[in-house]
Structure formats: C-alpha cells, structure tokens
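**Student:** I'd like to ask some things about the structure below.
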Amino acid sequence: MAGGFAEAGADLELVGITKRFPGFTAIEELNLTIPAGSFFALLGPSGCGKTTTLRLVAGLEDPTAGRILIGGKDVTTTKPYQRPVNTVFQSYALFPHMTVLENVAFGLKRRRIADPLGKAHEALRLVELDHVAQRKPAQLSGGQQQRVALARAVVNRPALLLLDEPLGALDLKLRRQMQIELKDIQSDVGLTFLHVTHDQEEAMTMADTVAVMNKGQIEQMGAPEELYELPKTAFVANFLGQSNLFTGTVTNSGKESIIVDVAGTKIEVPRERAQRHAGEVTIGVRPEKLMLHTSAPKPTPGTNVIGPGRVNDVSFSGVSTQYSVTVPKLGNVIVFAQNMVFGPVVNDGAEVWLAWTVDHGFGLLDDPADGPRFEPDTDTKSIAVQRREKLEEELEEA
Amino acid sequence: MIGRFFSRYTIWIYAVLAFVFLLIPIAYTIVFSFNDSRRTNISWRGFTLDNWVYLCDEQGVCQSFLNSVIVGLVATLLATTLGTMIAIALVRYRFRFRAATTLLLFLPMATPEIVLGTGLAAEFLTAGIPKGALTVILAHTMFCISFVVVTVRARVASLDPAMEEAGRDLYASPGQVFMRVTFPLLLPGIIAAALLSFALSFDDFIITNFNSGPFTTFPKYLYTAAAKGMPAEANVVASAVFFIAIIAVVVSQLSAAARRKRLAKQ
Amino acid sequence: MAFGAFATSAPVVESAPRRRSKVALLLLLPGIAYLALFFLVPLVSLVLTSFQAKTPGTDIGVYEYAFKIENYGFVFSTYSEHMLRSLLYAVVATALALLFSYPLAYFIGVTLRKFPLLQALSLTLVIAPFFISFLLRTLAWKQILSDEGPVISTLKALSLLGSDAHFTGTPGAVIFGLAYNFIPFMTLPIYTSLEKLDLRYVEAGSDLYASPVRTFLSVTLPLSAPGVISGTLLTFIPISGDFVNASNAFLGSSETAMVGNVIESQFFTSQNYPIAAALSIILMAAILILVSIYVRKSGTEDLV
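So the sequence lines, in the order shown, correspond to chains A, B and C. First residue of the first sequence? That's 34 in the numbering used here, and the numbers climb one at a time after it. First residue of the second sequence? That's 4 in the numbering used here, and the numbers climb one at a time after it. First residue of the third sequence? That's 36 in the numbering used here, and the numbers climb one at a time after it.
This is the structure:
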C-alpha cells in the first residue's frame, strides 16, 4: 500500500476503537466511517479525544481495543510508515535542518519514488511556494510553513490526509485564505481529508461532514447546516453557535407536534424535530430565529410566544445586534436581530415579547434529570479549564 | 534602576580586575614558554623561540601529550555514544527504576575524584588488570558519561517529538528516522558533549594518577615534572592547546553571531 | 449525507502491548552497565579493601580479606587533624570563590545583557583557565607568589611584609590556590541563573519602595539561589578531595596536608591500600552527608 501513489482517496473505518492512557480514557467505543473523497471534520473542545483519534489513524498511537480499516484493509497493527496516510501536524513539524524542497521530497525519497525533486517542485507550485524551495523552514512565515507542511503531506498522494488543527497558529485573515486553499486542493487532488479542529466555524465552512466529539465519543454527525439547524444534544446546541434552551414537561404529544409546558408557558415543537416525546424534555431555539415585539403579539397557529420580558443588555456588533432578555421563570434569552433599521429596535430596560416559528424549534435527546441547563462553554473560566485539560493531555502523551 | 546596587562603574572596574586576576597565571605560563630557561623554568633569562621549535627534544613532553590526545579521543567516543543513548532513553521513554538511574548518573559527578580514582584502582588491583592506557581510558569514559548525559539530555528535551512522528508518518523506518531526523537535530548537543568530554579527559590528573601505572598522560607528566623542575616545553604544549581552544571558541561564537544576524535580516 | 455512521457490534481486538520499554532498555543497558562496572563495583571494592589486613609474612603492599574494622579506628585517631583541615580549607575556599564569583556573574549575566558580543567574550574569559592545565596554573601561582616572586618581593620592598615573611607553603596559599582553581565552577552556574532572571522582578522590588540593598537581598539573591547552590556544590566537592594545591611541589607544605594528600601517600608511598581506601570511604560519606544536609536546608533537590 505504501509502495505507490493512491489512485484516489480511500474509506476510513474505525470499529469499536477504545484508547486508554494511564489514568484516563481518551476514546470509548468509537465507531466511525468516512467515505472516500470526503472532507470530514472532527470537531470538539480540547481534550475531547479528537487528536487522539487522529493519531490512532496515523499509527502514532496504538488503540487499546478496536480496529482501523483504510480502504477496507485492516491497518490496526501496521506501523505509521507503512500506512497510506499522511499528516499535517499542528506544529507543522518541518525538519529545521533541511531545505523546504528536501522537506517536501522526504517522503518520496523514503519510498524510492522516481523523480522525487521534480514531484516536490510540483507540490510546491501547487501551494505557490516554489520560489522558496531552497530556504530553510525557519526563514518562512507561519502561513508559508503551514503550506509547506501541506505540500509535504499532499505530495505523497496518501489515500487519507490528516489535518491536526493546521490553521490554529495563523491569524484570522490567513486562516480564511488557507481554508479556501485547502478546499481547492482537496477538490483538485480528490483525497479523503480528515480534519481535526476545535474551531466550529472552520469545521462548518470546510467540511462536507462534521462529527462533534465530546468526552471521547461522537455526539452527533452530519452536514454542517443539519448540525446547526437540528442539534440533537445540548452539547452540540451550544458548541456549534449559541442556543436558547428550556426545560419542561410534555403535556400533549400530537401527531404533528408536541407541546411542552415550560414554567407555565406552552411551547410547541414539531414532532419530527424532537428527539423525545414524553416526560421531562429540553427544547431549544437559535437566537437569530427569535423576533422581538414591543407589544404582545396575537397568538397565531405555528408561532410560539414567550413574554413579557425585560431587555437587560444590548450589544451592537455591526451586522446584527445581540439582545439579552430576562423572561420571568424562563431565565435569560438571547436574541440576534439583523440591523435592518438604524439603531436598536428596543432599548435597555424595554418590555418585550419573543416569538418564533414553531418549525424552528428543536427538542434534545438529553435527559434534563442528568444535569442542569447546559451553559455555553465560552467564558474565560471554561477556556482556562480546557487549556489545562489540553496541557494535561499533552503531558500524558509525552 | 537595576544597576543601583552594584553601581554601574564599580562593577565594571571590578569585572576588569577580576578578569585580569583570572588570566594572570595563564599569561605567566604563556610568557614563560618563551623563556630561554635551560634547566629550570623559574626566573626569566631572555626570549627564545627554541622551546617552540625544538619542542619534542624534551624527553616525554610530546609523548605524554600524544598519549593524552589518544586517551581523550577514545574516551570521548565511548562516553558520547553511551551517554547519548542514555539521554534519549531518559527523555523519551517511561521505564521503571528511573529514579535509580538518575541517581546513578548524578553520583559520579558528586563524588570527589580521589574516591573515584582509589575505587577504580582497588577494583583493577582485585581483578588483576594491569594499569596502563586501557585502565586510564576505562576510567575517563566512566566520569565523562554523566556529563554527556546532562548535556545531550537538554537537547533531546528541546526536540519536538512531532519531528520524529513526522518522519515516521513520511514513510521513514525507525532507523531512517534516527539517521535523518533525530541524529542531525541532536548533533549540536552531541558535539558540545564530545568537546566537554575531551576537555575533562585531557585535563584529568587525579583519577589518572591512581590508574595509569607506567602510562604517562600530559597532566601526569606535569605533576612529576613539578617536583623536579618544569621544562619550558611543557609551557609550550599548554600554551598551544590554550590558543587552539580559545580560537575555536571565538570563531564559533562569531559565526553564531553572524548567523543570527543573517537570519534576523531575512 | 449517506453515512452509515454508528455501525456497532464489531469484534474487538486487543492490541499488542507497547514495545517502548524494550527500546528504552536497549538504549540504557550499555551505559548503565558501564557505570555499574566502573563506578558501583569500584565503590564496593573500595569498601572491601578498607577492611583488608596485611597478609602475614609477605612483602609491602600485599593484603588479604579480613573484617579489620580497626582500620577505621586507626584512620580516625591518626588523621582526624587532616580531615578537619580539609573541611576547613574547603569551606573557606568555597566561600572565597563565591564572594569573588557572584559580582562577576552578575556583571556578565545582568550588566552585559545589552552587549551580547561582550557577554560572549566575558564568558570565554571565565572558562579560559579551563583551557590550560590546572597543574600549570597552580605552578604559575607558586612562582608568582614565591619569596623571590614579584608580589612578595614588592611587598617586602614596601615594608608591608617583614623580610622573613613568606606565603607559599602556608594554609593561606593553599586556600588561595583552591579558590582560584575552582572559580569557573562557581561563576558559570550563578551566571546561568542570573542570566535567566527576569529584571521586571527587580524593578517591581524597587517600585515597591525597597532600597537597592533590600531589593537585592529579597529579590535578586533568592532568585539566583539555584545557581549559588549548584556552584557551591561543584566547588566544595572537588576541593575537599584535592591534593595538588596542598602538596609540597605546589602551594602547600607538610603542615597543610589534606585528606587527599594522606590518601595519595598511603597509596603510593606506603602502599597501604586498606588505609587509603578507608580514608576515601570516610571522605565520600562525609561529603554525601554534608551535601544532603545542605541541599535539604536550601530547599532545592532537583539538581540533576
């Protein structure tokens, strides 16, 4: 397999993968199939097991249990250098003692492929860096190093290309540019890409399919818009964008929809968009789906209304304005409103009602009894906790 | 604000005086290598180049110098190889008895040389190994290993493990990863360790004294000669070694500075 | 969208155990075996030798195993003076080297920070003595400081010293030589810790109304403590076993003999290996005890 260029991308199959490190379990019973030619993103917070998954596929770690198949062949016990897989490392890991050209030609030479330098030049032209072929990596900018790392992996035409947060170290503008370039290269060469990232926007813009990972397991998988519009768990609802979540009891389970009583307010959710249809449930709606009303809107079929509430914060962010509304008994609700008029629709302190089309609501799989309402994971404290977990993970791996 | 405690000028004057003090015996040794000394090289009798030109006429100086170089090279080769292997294992692998291993590496550095010397002598005596070049090389290799480990270990620790992983990922077998990635990246540390080993071996007297028997290294020659009058040729050898070492250090520092400047420009 | 994602119920295979430890063993074994053979075995051999007794009816220098613990009694009663002298010389010489080195290390590590080339040159000057044999350096001092040498004769001419005064062969000369020879071992570690010292701490100290002396004592000195500790150890240990400076041919006389000189003469002149071995064991034990007390008191145990 490692003897020649892959004709095309290959399927990747993970079967019952478990990975334990001394002291903790990184991955628990993971099953995953990635079809050939797709751009697949593994998305999750630091320490969720996504990097470990990638390293298992690359062969840099051995699974505690389970099997890994590439193009139908079991590679679980093969060495990294025998697998038709190449990785773009998070730190790029360019060899500092070699020129850019030598770096790119390294894999070709190891496999004794004819004309390694010619092919390396070709790969460098693909990333528009052939003019720096004779430089050392230390003389390149971060973005250039990233592209060299990509060329060094792509030049081998692996059946599967692994990307370990390759854009993490770049600034926003470069990231955008690289996202587009990566996408172009993928459609040019037609390989299977497995991209690991904690950046939801990166995953959504680039991947055909996104799998959201949490605590060593996949929470939900699907096309980006599907994940966003119909999150199945509180974790996904809040990790991918923001959500307003409410917990209540199902009072009416109809054919088309269910009615949930949330602290006295009846909220309707389409049956097919709800994962649970009885008992205590958590339901939600995205902030941009909410409409602000300064007077109580007439109850109309197909619309949910809550309120009145009081606006306690207004923050303007250019294209939209974010309102925070306190609704008695329901808690804080976030609303994103497009700036269709000059200035805010309502001011701080105003009394408002919130309405949304029933079709926009969703019901979650989580059992509310398992825990409190899921808090968005973006405050500095949780970021600090994540950093710490990541450091610990690195320590473990080292 | 910072320089207030050691007021700026006081410390400059102190430093200049300190450097002069450190260099006095070196200057003395170099100057007296040009002394027209005949038998004893104690008082100044006029300038001559004869000691430098007819260096090897003095019995023993050249031979002992050569002996020291050979011992230094062999001991350095052995100690650098063994020490580098230990350093890689210490940084990269988890194993039992790690603490005991670290202690075993630390102890030779914390043991006075005279204890190492008498201990080895006792062992060689018991085992019936005749003292000579072999026992000196064995002894020097032993005390150099710890210093090699300390030096190379720092370099291994600063090496990103992703480099080797990238090598494996790019179809290099474990042997190829070592030869083409790990070893070239560790090389500066290994060279530094080798230079340190050679210097330690070349200058060692105490351990050599107990384990050399009839075999004479340069420091041992000096010790014997000190009792009966040091020939100026000894100063010549020491001065020459000094100049070579200083030139090597200065050249490497200047080239490192030049390289930094070049990198900064690009 | 056609992903059969969560395909479960597949057979689970246990993976092979990691082979990491085997590689580690291969890397470690040669070096560790070497150290065991030429460091640990010699220590054991030294202990055994220290209990040996003279083989009856043989020539000088022939011994056999016996549990002759009296060797230690003999050593303590005969050479306690040399042991105390070694300890005293080593403590004083280490203190002198520290006093000399700290300001110099501060100069190179802090004052010269803005001048990298000058800093590199200064470091070269500090290690320059390493490049010339310490025997020749010590001999040079002997001649410079001899009665006829420039220093003493000038002092005598200025009547600062009596006409019969002399320096070489005195305890002062031995301590001077010991301190001089080990200065680089003291300066370099202190330099290393001062060089890494973040000057903002010092500025913060002055900012909080501390006097320069107070800032130095409560900020700079504690932060450079690791360097001071390893410097004193690197100096004290070799000094306490040294016998070159204190020997007749160099800066000492028979009145300045240290433990090292006794070991050397027992070994070479009397060929009394058991006594030399017992002295070595005592020296090593004393140093291990002193060093571990010192290290524990100063609170840094990660020296390696």
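Glycine included, each C-beta is placed from N, C-alpha and C at the ideal position. The structure presented is a predicted model; accordingly, all values stated were derived computationally and were not measured.
Using the three-state DSSP reduction, which class does C:H201 fall into: helix, strand or coil?
**Tutor:** If DSSP states are grouped into helix, strand and coil, C:H201 belongs with coil.
**Student:** Name the chain B residues that come within less than 7 Å of A:V114, Cβ to Cβ?
**Tutor:** Residue 114 of chain A is actually Tyr in this sequence, not Val. Under the 7 Å cutoff, chain B gives R171, Y174, A175 and S176.
**Student:** Using a 10 Å radius around the Cβ and a threshold of 16 neighbouring Cβ atoms, would you call C:E290 buried or exposed?
**Tutor:** So C:E290 ends up on the exposed side.
**Student:** State yes or no: is the C-beta of C:A281 nearer than 6 Å to some heavy atom of the ligand ATP?
**Tutor:** Summarising the ligand content, the structure contains no ligands, and the ligand ATP is consequently not present.
**Student:** Around the Cβ of B:A235, are there at least 16 other Cβ atoms within 10 angstroms (buried) or fewer (exposed)?
**Tutor:** B:A235 is buried by the Cβ-count criterion.
**Student:** Between B:P222 and chain F, is there a C-beta pair that is closer than 7 Å?
**Tutor:** Note that chain F does not occur in the displayed structure, where the protein chains are A, B and C.
**Student:** Beta-carbon of B:P191 versus every beta-carbon of chain A: anything under 7 Å?
**Tutor:** Not one chain A Cβ lies under 7 Å of B:P191.
**Student:** Using 7 Å as the limit for Cβ to Cβ distance, is A:H27 near chain B?
**Tutor:** With chain A represented from 34 up to 431, any question about residue 27 of chain A goes unanswered, as that position is not in the structure.
**Student:** Going along the stretch 301 to 330 of chain C in order, which residues come within less than 9 Å of chain B, judged by CB to CB distance?
**Tutor:** Listed by position along the chain: F302, F303, Y308, A311, A312, L314, S315, I316, L318, M319, I322, L323 and V326.
**Student:** Just checking: is the beta-carbon of B:M166 within a distance shorter than 7 Å of some beta-carbon in chain A?
**Tutor:** Yes, its Cβ sits closer than 7 Å to a Cβ of chain A.
**Student:** Is there a Cβ of chain A sitting closer than 7 Å to that of B:R263, yes or no?
**Tutor:** For B:R263, the answer is no, since every Cβ of chain A falls outside 7 Å of its Cβ.
**Student:** The beta strand (DSSP E) that contains A:K169, what's its start and end?
**Tutor:** Unbroken run through A:K169: none, as it is neither H nor E.
**Student:** For the beta strand (DSSP E) containing A:E62, list its first residue and its last residue.
**Tutor:** Taken as a continuous stretch (DSSP letters only), the beta strand (DSSP E) holding A:E62 covers F57 to I67.
**Student:** Could you tell me which residues DSSP pairs with A:T242 in its beta bridges?
**Tutor:** Paired residues: A:F73.
**Student:** Are there 16 or more other CB atoms within 10 angstroms of the CB of B:P28, so buried, or fewer, so exposed?
**Tutor:** That one is buried.
**Student:** Within the stretch 186 to 233 of chain B, note down every full alpha helix (DSSP H) run reaching 4 residues or more, in order along the chain.
**Tutor:** Whole alpha helix (DSSP H) segments, 4+ residues: 186 to 206, 209 to 214 and 221 to 231.
**Student:** Along chain B, in chain order, which residues have C-beta atoms closer than 8 Å to that of C:R172?
**Tutor:** Correct list: P28, I29 and T32.
**Student:** Against chain B, with Cβ distances strictly below 7 Å, would C:V297 count as a contact?
**Tutor:** Taking Cβ atoms only, chain B never reaches closer than 7 Å to C:V297, which makes this a no.
**Student:** Buried or exposed for A:G340, going by 16 or more other Cβ atoms inside 10 Å?
**Tutor:** Classification for A:G340: buried.
**Student:** At the level of alpha carbons, what is the spacing between A:V314 and A:T282?
**Tutor:** One C-alpha to the other measures close to 6 Å.
**Student:** At the level of alpha carbons, what is the spacing between B:A228 and B:F146?
**Tutor:** Roughly 26 Å separates the two Cα atoms.
**Student:** Output, in chain order, the set of chain A residues within a Cβ distance shorter than 8 Å of B:V184.
**Tutor:** F128, listed in chain order.
**Student:** Counting only Cβ-Cβ distances shorter than 9 Å, please list the residues of the stretch 307 to 319 of chain A near chain B, keeping chain order.
**Tutor:** Result list empty, no residue passes.
**Student:** State the Cα-Cα distance for the pair B:S176 and A:A182, rounded to the nearest angstrom.
**Tutor:** Approximately 20 Å, taken between the alpha carbons.
**Student:** Taking CB distances under 7 Å as the criterion, tell me whether A:R53 reaches chain B.
**Tutor:** Not closer than 7 Å to any Cβ of chain B, the Cβ of A:R53 fails to qualify, so no.
**Student:** State the CB to CB distance for the pair A:V187 and A:I218, rounded to an integer number of angstroms; the pair is presumed to be in contact (CB under 8 Å).
**Tutor:** Indeed they touch by this definition, with Cβ atoms about 6 Å apart.
**Student:** Could you check whether C:V294 and C:L314 sit closer than 7 Å to each other, using their CB atoms as the reference points?
**Tutor:** Yes, they are a contact pair.
**Student:** May I ask you to verify whether the stretch 249 to 257 of chain A touches the stretch 99 to 111 of chain A, counting CB pairs closer than 8 Å and requiring at least 3?
**Tutor:** No contact exists between the stretch 249 to 257 of chain A and the stretch 99 to 111 of chain A.
**Student:** Check each candidate in A:T238, A:P334, A:K331 and A:E301 and name the one with the smallest Cα separation from A:Q210.
**Tutor:** If we check each option's Cα against that of A:Q210, A:T238 comes out closest.
**Student:** Quick check on A:A98: does DSSP put it in helix, strand or coil?
**Tutor:** A:A98 falls in the strand class under three-state DSSP.
**Student:** On a CA-only basis, which of A:S357, A:F128 and A:R180 is nearest A:V379? Give me that one, please.
**Tutor:** When only C-alpha atoms are compared, the closest one is A:S357.
**Student:** At least one CB of chain A closer than 7 Å to the CB of B:A260: is that the case?
**Tutor:** Taking Cβ atoms only, chain A never reaches closer than 7 Å to B:A260, which makes this a no.
**Student:** Taking buried to mean at least 16 other C-beta atoms within 10 Å of its own C-beta, is C:I218 buried or exposed?
**Tutor:** Its Cβ being crowded by 16 or more others within 10 Å, C:I218 is buried.
**Student:** Using only the alpha-carbon positions, how far apart do B:I73 and B:G192 sit?
**Tutor:** Answer to the nearest angstrom: the Cα atoms are 22 Å apart.
**Student:** Please report the residue range of the alpha helix (DSSP H) in which A:H231 lies.
**Tutor:** It is not in any alpha helix (DSSP H) - A:H231 carries neither H nor E in the DSSP assignment.
**Student:** Assuming B:A165 and A:S124 form a contact by the criterion Cβ under 8 Å, report the distance between their Cβ atoms to the nearest whole angstrom.
**Tutor:** That pair is a contact at about 5 Å.
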